[in-house]
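S.K.: No gaps in the numbering here: position 241 of the sequence shown is 240 in numbering that gives the first Met the number 0, and each next residue is one more.
Where is the CB? At the ideal position from N, CA and C, for every residue including glycine.
One structure, pasted below without further comment.
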Amino acid sequence: MKLTALLLTITAFATAGFGQSLKWSAYLDTSTTFSSARATDLTTDGVLDLVIGGGLDGVAESNGVNAINGVDGSILWNFHTDEEMFGSAQFMDITSDGIEDVFIGGRYAEFYAIDGSTGNMIWEFFPYAPMQAVDSGWFNFYNPQFVPDQNSDGIKDILVANGGNHAAPPWDTLRDPGMLMVLDAMTGAVLAMDTMPDGEETYCSPTVFEYNNELHIIYGSGGENDKGSLWRTTLLDLMADNLENSVQLASDPSLGFIAPASIADMNDDGNLDIINVAYDGTVRCFDGATNALMWEVVNAGTESSAGPTIGNFTGDATPDVFGVVYKGAAPTFTEFYQILIDGATGNVVWQDSLGSMHYGSSSAVDLNLDGRDEAIISLNYHNGTSFSHQVHSIDFQNDVVTPMSVVEPGVNLATTVLIEDLDNNGYLDFVYGYRADSLNPMGANGFYVKCLEGTNTMPPVGIAWGGYQGTHKDGHYNYEGTPCGSVTNTSFFDNISCNGFADGTVTVNPATGVAPFTFLWSTGEITNTIDSMDVGTYSVLITDATGCTTESSYNTVDPYVITFGGMGAPTCPGGNDGFSFVNSSGCPCMFSTCGFDWDSGDSTKTASMLNEGWNVVTITHMDGCVVVDSVLIPDAVPVMDSMTLGPIVCASDPMATSFVDLHLSDSTNTTVSWSHGETTTYIDSLNAGMYYVNLNDTLRGCFATDSVMMSAPDTLLLSMNSVNVGCYGDSTGSLTANVTGGETTYQYSWSNGEITSGISGLPVGWYTVTVTDSLGCIVMDSMEITQPAALISNIGSYWNDSTGNCVGGATVVMQGGTSPYSYQWNDPSSTTTETVSGLCAGTYEVMVTDANSCTSLIDVTILNTLSIAELNSAGISLYPNPANDILHIDLSSEQLLGATYVVLDNKGRLISEGNLNALANTISLVDLATGVYFIELEGMSEVFQLVKQ
Numbered sequence: 000m001k002l003t004a005l006l007l008t009i010t011a012f013a014t015a016g017f018g019q020s021l022k023w024s025a026y027l028d029t030s031t032t033f034s035s036a037r038a039t040d041l042t043t044d045g046v047l048d049l050v051i052g053g054g055l056d057g058v059a060e061s062n063g064v065n066a067i068n069g070v071d072g073s074i075l076w077n078f079h080t081d082e083e084m085f086g087s088a089q090f091m092d093i094t095s096d097g098i099e100d101v102f103i104g105g106r107y108a109e110f111y112a113i114d115g116s117t118g119n120m121i122w123e124f125f126p127y128a129p130m131q132a133v134d135s136g137w138f139n140f141y142n143p144q145f146v147p148d149q150n151s152d153g154i155k156d157i158l159v160a161n162g163g164n165h166a167a168p169p170w171d172t173l174r175d176p177g178m179l180m181v182l183d184a185m186t187g188a189v190l191a192m193d194t195m196p197d198g199e200e201t202y203c204s205p206t207v208f209e210y211n212n213e214l215h216i217i218y219g220s221g222g223e224n225d226k227g228s229l230w231r232t233t234l235l236d237l238m239a240d241n242l243e244n245s246v247q248l249a250s251d252p253s254l255g256f257i258a259p260a261s262i263a264d265m266n267d268d269g270n271l272d273i274i275n276v277a278y279d280g281t282v283r284c285f286d287g288a289t290n291a292l293m294w295e296v297v298n299a300g301t302e303s304s305a306g307p308t309i310g311n312f313t314g315d316a317t318p319d320v321f322g323v324v325y326k327g328a329a330p331t332f333t334e335f336y337q338i339l340i341d342g343a344t345g346n347v348v349w350q351d352s353l354g355s356m357h358y359g360s361s362s363a364v365d366l367n368l369d370g371r372d373e374a375i376i377s378l379n380y381h382n383g384t385s386f387s388h389q390v391h392s393i394d395f396q397n398d399v400v401t402p403m404s405v406v407e408p409g410v411n412l413a414t415t416v417l418i419e420d421l422d423n424n425g426y427l428d429f430v431y432g433y434r435a436d437s438l439n440p441m442g443a444n445g446f447y448v449k450c451l452e453g454t455n456t457m458p459p460v461g462i463a464w465g466g467y468q469g470t471h472k473d474g475h476y477n478y479e480g481t482p483c484g485s486v487t488n489t490s491f492f493d494n495i496s497c498n499g500f501a502d503g504t505v506t507v508n509p510a511t512g513v514a515p516f517t518f519l520w521s522t523g524e525i526t527n528t529i530d531s532m533d534v535g536t537y538s539v540l541i542t543d544a545t546g547c548t549t550e551s552s553y554n555t556v557d558p559y560v561i562t563f564g565g566m567g568a569p570t571c572p573g574g575n576d577g578f579s580f581v582n583s584s585g586c587p588c589m590f591s592t593c594g595f596d597w598d599s600g601d602s603t604k605t606a607s608m609l610n611e612g613w614n615v616v617t618i619t620h621m622d623g624c625v626v627v628d629s630v631l632i633p634d635a636v637p638v639m640d641s642m643t644l645g646p647i648v649c650a651s652d653p654m655a656t657s658f659v660d661l662h663l664s665d666s667t668n669t670t671v672s673w674s675h676g677e678t679t680t681y682i683d684s685l686n687a688g689m690y691y692v693n694l695n696d697t698l699r700g701c702f703a704t705d706s707v708m709m710s711a712p713d714t715l716l717l718s719m720n721s722v723n724v725g726c727y728g729d730s731t732g733s734l735t736a737n738v739t740g741g742e743t744t745y746q747y748s749w750s751n752g753e754i755t756s757g758i759s760g761l762p763v764g765w766y767t768v769t770v771t772d773s774l775g776c777i778v779m780d781s782m783e784i785t786q787p788a789a790l791i792s793n794i795g796s797y798w799n800d801s802t803g804n805c806v807g808g809a810t811v812v813m814q815g816g817t818s819p820y821s822y823q824w825n826d827p828s829s830t831t832t833e834t835v836s837g838l839c840a841g842t843y844e845v846m847v848t849d850a851n852s853c854t855s856l857i858d859v860t861i862l863n864t865l866s867i868a869e870l871n872s873a874g875i876s877l878y879p880n881p882a883n884d885i886l887h888i889d890l891s892s893e894q895l896l897g898a899t900y901v902v903l904d905n906k907g908r909l910i911s912e913g914n915l916n917a918l919a920n921t922i923s924l925v926d927l928a929t930g931v932y933f934i935e936l937e938g939m940s941e942v943f944q945l946v947k948q
């Protein structure tokens, strides 16, 4: 197989090995879309007729479904539809007239059952205007499959998918979820239904296969611009309206799974497996028994909606996969690739880029009856101004591409060539379609359907893949060969001549059966003889012209059996006195004259100078066959079997855990000598460093040396950072433990119960932290949180105003806190020093802030003093002044009776207070210290000064 592009030979049509003749041609106008043709006998004349869908998106179509006479291409009937019918038909007789009826779907809920003989409608799924379908949640119907009767009416029912709003813009990712459903084939009624498990839309036709006597369904979700998955469920779950138990086989975060899956046994285990092409161009094969991914081929930078074609292309016993992928992203594709994947291995064995456009799936059939299938493809060409179309076959055995039709103006964008023997005359017919407009591929100028017939006869094992979704329209690979017992063979088998040679040969000659015969070897050969056989089992499947098969197997073996025995290890490790006996079935006795050449220098059957490990011997037989083989000599018993180490856990106390324990093979007869003087197998309390030991097995005479490095982790070290309390009485302190060395991670335990490396919100006091590393080593430290003295402000001195002249002042004196201090008075000048002046009578505050932002607030009252003369003029007499124990206050009128008086010290602090309840009043001064005091009377804005003696 050739792996590079465009290496196949394209033969001229005139000399093609498979030249086909035009049998008939049919033309249907107006349609731009048409589906892949499907065949059934609609006229009971013994010739299969064709049914094909068509139409224009968004337009009612009189040629929505068309029946074409398989004899001459004449139109049997046309069926009117409200929308285009892109689906391919399925057939089943539900009218009991002996003619199969047609089931076909299309856009906007278009799904019909049509009488096959008349073209009349039996039922319509949604008998309303197409645009009402979207409002009702119905979208496109895809290709249906029949399932066993689900409602006990004796008629198979229909499995079909609905979904996909193709009119939605690419950026609209909020799509209506697609649906998988079962319909009553007699009425179109919904028997079961559920939406996609991931809530995404669907454009994928479902496929059904049997596993463990139960029907399983493969279906896909997502679209060209919508994420999706490939799913597996059972018919039983779907009939319960439940897809939630579906198994997700594959998924894609941005693109969906559009192409229907194909089904074939890809690993010869008797179970059907699943082959799928994701829209991102990835081809995958899943084990049908386990859902495991058997292989995957990623085609980066491509997209595809073409289903995989299954056929026996490469020649081994496993079917292969042919696919088509498009380079680029919709709607802009720059190149189209055809790829062939070996079904047994998942390897790409052939790839090319044929034609200008190739979107559709392909077919597969053995045209030349060599037991290998050819791929049938429909290619389009563009010469810059117009399009043309041609059908080709690809013979992968001979690397040849052969035209099967003439080059015709027009385009076939997406349909698959149908392969059938329509008239049952023994020759294959090829039915294909293409759009008539060669200038505009989307032009509404109708399409042609043509039938070719040549000299290709029906393969004895049937048609592998006869059209879209396979020969039986169910997505299953078709192989009809059966071991019917009528084929026998004789064979001529020559085994390998000498060990290691690949020169075995076998020839099989069928003795019975109907010629011609095809041969399918497990190696991929297709002749009756294979050679260059190596050791192994080779099988051949012989098929005669009737499809009967027989299979034979042949085992090739080395002619001489080499055996070894009596092996013995050397006495000491590293020694060369090991021994072994070798024997060959070609050297049975002393007269066989065999020669033995050991790489150790020995030259007899028994070698006694062998090293530990593999030792090679070359045996020369009497017939000249030279066989090279080897024997594994076991290792000698070591002087020391093993060593146990106790590591140094904590660098601060290395001797606590360190030890070395030697485990000797013969502790009784082995002496021990350590580099630090010890002579025992167990030593402990070791510091870090290198220790050497010499061992002497005195019984065998074997010596051994060894060493051990006792290493210690870095010393576990702890330091602490602190932030003290800023203001007296607060809890703003913090501590941080800084740890290095030891083995991370570290655990912290503080005396206040915290377990993090740093703690905060602390009041004054001592705090202790214990740190433990992952080896259990411990380190501890303590630190004190302190605070400054309480910040206290006092009025050190003040002076009063005099008779309203605003000459008062005061000085604040600080204690405690943390200097420097800042000051803020509330006087008219907003003084910011410790002394304020120029004050009128009144009360003033000063806010003092220290370096830690701690604050203290104090106030002072500035008085307005009066003279005795001023008091007398106010009708008040105060005497004596100075005074000792008693102060007299006399009133000259009753105007001030009941007034309140207060006594203040020289700092403005309240000393006492009372009421003037009589014209003659006394105030006790006994408890007052000697000094200056001030008396303020209610109703008077001034105060007068009193001296206490």
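Which residues mark the beginning and the end of the beta strand (DSSP E) in which Pro402 is found?
M.R.: Taken as a continuous stretch (DSSP letters only), the beta strand (DSSP E) holding Pro402 covers 399-402.
S.K.: Going by alpha carbons, who is nearest to Val246 out of Ile885, Ile561, Ile910, Tyr218?
M.R.: Per the Cα distances, Tyr218.
S.K.: Looking at His391: is its Cβ nearer than 7 Å to the Cβ of Pro402?
M.R.: Their beta carbons are under 7 Å apart, which means His391 touches Pro402 by this criterion.
S.K.: Given the structure, does Ala606 come close to the ligand GTP, in the sense that its CB is under 6 Å from one of the ligand's heavy atoms?
M.R.: Ligands displayed in this structure: none; no statement on the ligand GTP is therefore possible.
S.K.: What residues in its chain sit with their C-beta under 7 Å from that of Val946, if we drop five residues either side in the sequence?
M.R.: Correct list, in chain order: Asn880, Pro881, Val931.
S.K.: Please look up how many angstroms separate the CB atoms of Val626 and Asp598, rounded, as I've assumed it's under 8 Å.
M.R.: Their Cβ separation, rounded to whole angstroms, is 14 Å, which puts Val626 and Asp598 out of contact at 8 Å.
S.K.: Among Leu661, Leu644, Leu663, which one has its Cα closest to the Cα of Met654?
M.R.: Met654 has its Cα closest to that of Leu644, out of Leu661, Leu644, Leu663.
S.K.: Going by other Cβ atoms of all chains shown within 10 Å of its Cβ, with 16 needed for buried, is Asp926 buried or exposed?
M.R.: Counting Cβ neighbours within 10 Å, Asp926 comes out exposed, since fewer than 16 surround it.
S.K.: Which of the three DSSP states, helix, strand or coil, is assigned to Val405?
M.R.: Note: Val405 maps to coil in three-state DSSP.
S.K.: Please state the DSSP three-state secondary structure of Val133.
M.R.: Three-state DSSP puts Val133 in a helix.
S.K.: In or out: Pro762 buried (at least 16 other Cβ within 10 Å) or exposed?
M.R.: Exposed is the call here.
S.K.: Would you decide whether Leu950 is buried or exposed? Buried here means 16 or more other CB atoms lie within 10 Å of its CB.
M.R.: Examination of residue 950 is not possible in this model, given that the chain is present from 0 through 948 alone.
S.K.: Under 8 Å, with one C-beta from each stretch per pair, do the segment 393-411 and the segment 370-381 reach the 3-pair mark?
M.R.: Counting Cβ pairs under 8 Å, three or more are found: they touch.
S.K.: Secondary structure at Leu761, three-state DSSP: helix, strand or coil?
M.R.: It is a strand residue.
S.K.: Do you know how far the Cα of Phe933 is from the Cα of Asp904?
M.R.: About 6 Å.
S.K.: Roughly how many whole angstroms lie between the Cα atoms of Val136 and Pro168?
M.R.: Reading off the sequence, residue 136 comes out as Gly, not Val. Answer to the nearest angstrom: the Cα atoms are 17 Å apart.
S.K.: Check whether the segment 347-364 touches the segment 324-339, counting contact only when three or more Cβ pairs, one atom from each stretch, lie closer than 8 Å.
M.R.: At 8 Å Cβ cutoff, the stretches touch.
S.K.: Taking just the CA atoms, how far does Gly53 sit from Asp44?
M.R.: Rounded to the nearest angstrom, the two C-alpha atoms are 26 Å apart.
S.K.: For Gln746, count neighbouring C-beta atoms within 10 Å of its own C-beta (all shown protein chains included) and say buried if the count is 16 or more, exposed if not.
M.R.: That one is exposed.
S.K.: By how many angstroms is the C-alpha of Ala343 removed from the C-alpha of Ser521?
M.R.: Distance between the alpha carbons of Ser521 and Ala343 is about 11 Å.
S.K.: Spatial neighbours of Cys547 within its chain, please: C-beta separation below 7 Å, excluding the five flanking residues on both sides.
M.R.: The residues are Thr481, Cys483, Ser485, Val486, Gly512.
S.K.: Starting from the C-beta of Lys155, find all residues in its chain whose C-beta is less than 7 Å away, skip the five residues before and the five after it, and write them out in chain order.
M.R.: Closer than 7 Å at the Cβ level, and outside the excluded window around Lys155, lie Met91, Phe145, Val146, Pro147, Asp148, Ala184.
S.K.: Are Tyr553 and Phe516 close, meaning C-beta to C-beta below 7 Å?
M.R.: The answer is no: Cβ separation not under 7 Å.
S.K.: To the nearest whole angstrom, what separates the beta carbons of Val46 and Leu421, a pair I think is in contact under 8 Å?
M.R.: Going by Cβ atoms, the distance from Val46 to Leu421 rounds to 6 Å, so yes, they are a contact pair.
S.K.: What's the gap between the Cα of Gly461 and the Cα of Asn455?
M.R.: When rounded, the distance between both Cα atoms is 12 Å.
S.K.: Could you compute how far the alpha carbon of Gly795 sits from the alpha carbon of Tyr822?
M.R.: Near 15 Å, if we compare the C-alpha coordinates of Tyr822 and Gly795.
S.K.: Is it true that the CB of Ser579 sits closer than 7 Å to the CB of Phe563?
M.R.: Yes.
S.K.: For Asp28, decide whether its Cβ has a neighbour in chain B, counting only Cβ atoms nearer than 7 Å.
M.R.: Among the chains of the structure shown, chain B does not appear; only one protein chain is present.
S.K.: Suppose the cutoff is 8 Å on Cβ atoms and the five residues either side in sequence are ignored; what does the same chain contact list for Asn411 look like?
M.R.: Contacts found: Gly359, Ser377, Asn379, His388, Tyr431, Gly432, Tyr433, Arg434.
S.K.: I'd like the ranges of any beta strand (DSSP E) spanning at least 3 consecutive residues and lying wholly in the segment 584-629.
M.R.: Whole beta strand (DSSP E) segments, 3+ residues: 594-597, 605-609, 612-619.
S.K.: Over the uninterrupted beta strand (DSSP E) stretch that includes Met238, give me the two end residues.
M.R.: Note, Met238: premise wrong, no beta strand (DSSP E); alpha helix (DSSP H) at 234-238.
S.K.: So Val659 and Val707 are in contact, right, with Cβ under 8 Å, and what is the actual spacing, rounded?
M.R.: Between Val707 and Val659 the Cβ distance is about 6 Å, and since that is below 8 Å, they are a contact.
S.K.: Less than 8 Å between the CB atoms is what I'm expecting for Ala25 and Gly72, so what's the real figure, rounded?
M.R.: 4 Å between Cβ atoms; contact.
S.K.: Evaluate the contact criterion for the segment 285-304 versus the segment 325-337: three or more CB pairs, one atom per stretch, below 8 Å.
M.R.: The segment 285-304 vs the segment 325-337: in contact.
S.K.: In angstroms with no decimal places, state the Cα-to-Cα distance between Ile51 and Thr308.
M.R.: Between Ile51 and Thr308, the C-alpha separation is close to 21 Å.
S.K.: Between which two residues does the beta strand (DSSP E) harbouring Leu214 extend?
M.R.: Taken as a continuous stretch (DSSP letters only), the beta strand (DSSP E) holding Leu214 covers 213-219.
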